[in-house]
Structure formats: C-alpha cells, structure tokens
Amino acid sequence: MLGKEKRAPGSGTMWRAVVPPEQRARIGSLIGSVAEQLLQLRGVQSGPTADVAQQLLRGLGHSAGLIEAAWKRTAVAAVNGGVPLEEVARWVDMPAEVLRSMLTAVGQEDGG
21 MLGKEKRAPG SGTMWRAVVP PEQRARIGSL IGSVAEQLLQ LRGVQSGPTA DVAQQLLRGL
81 GHSAGLIEAA WKRTAVAAVN GGVPLEEVAR WVDMPAEVLR SMLTAVGQED GG
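Just remember that the working numbering sits 20 ahead of the position in the sequence shown, which is counted from 1.
If you want it as structure tokens, here you go:
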C-alpha cells in the first residue's frame, strides 16, 4: 500500500482503501465539530471580561479536546494503514514510545 502511495502521491485513494469508513467518518465528524465550536466562539465576545474569558476558555478547551481526539484517531488510522509508528511520531513531534502509549489508550477506548 505504501509503495502505491509513493508512486501516486496525493491521490487520496489509498486513505479510503485502508481506513475503514466508520473511522473516516468519526475523524471527519470530530474535525467538523471543532470548526463549528470555533465559529460559535466568535459571536460570544460580549459582557464582563471575566465572563467572556470564562466562556472563551471553556469553548477553546472543548475544541482542543476534539482536536486531540481527531489527531489521535488519525494517527491510529495511519499506523493501522501501514505507516511506521516512528514516522507518525515524527509527524506529531513526540517520542515514539509516548505516541505508542497514547494510541494504545485510544485503542482500548474503542474496544480493541
């Protein structure tokens, strides 16, 4: 699969062939939720400073959690698709062992 991707980079077809539709849908849903959350934050900037800051921080914290879930699921999909864990670890700028433990936790959450 990786050999085919090297010969036809950017085609987008290999991702669909390797990553199950349920997982692609979950990643897309998480990213869509983040975008929606961030757009909603733009309109809530009125009121006392402390209230606005509290709303923004809660919203940003929630969005950050969704982004984290999306990148972890994407990393799981990449590893399951045959990308070496060490390469994925370089992409997310973290030690491979740390990424391995995080992805193991994601797999356990998903029941696998």
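For each residue, glycine too, the CB sits at the ideal point set by N, CA and C.
| Check | Outcome |
| --- | --- |
| Quick one: is A84 buried, meaning 16 or more other Cβ sit within 10 Å of its Cβ, or exposed? | exposed |
| For A73, is the classification buried or exposed, using 16 other Cβ atoms within 10 angstroms of its Cβ as the cut-off for buried? | exposed |
| Out of A125, R120, P115, A97, state which residue places its alpha-carbon closest to the alpha-carbon of R36. | A97 |
| Express the C-alpha separation of E42 and G67 in angstroms, rounding to a whole number. | 41 Å |
| Report the residue from W91, R120, W111, N100 whose alpha carbon sits nearest the alpha carbon of V39. | N100 |
| My assumption, with CB atoms under 8 Å, is that Q60 sits in contact with L86. Please give the rounded CB distance. | Going by Cβ atoms, the distance from Q60 to L86 rounds to 13 Å, so no, they are not a contact pair. |
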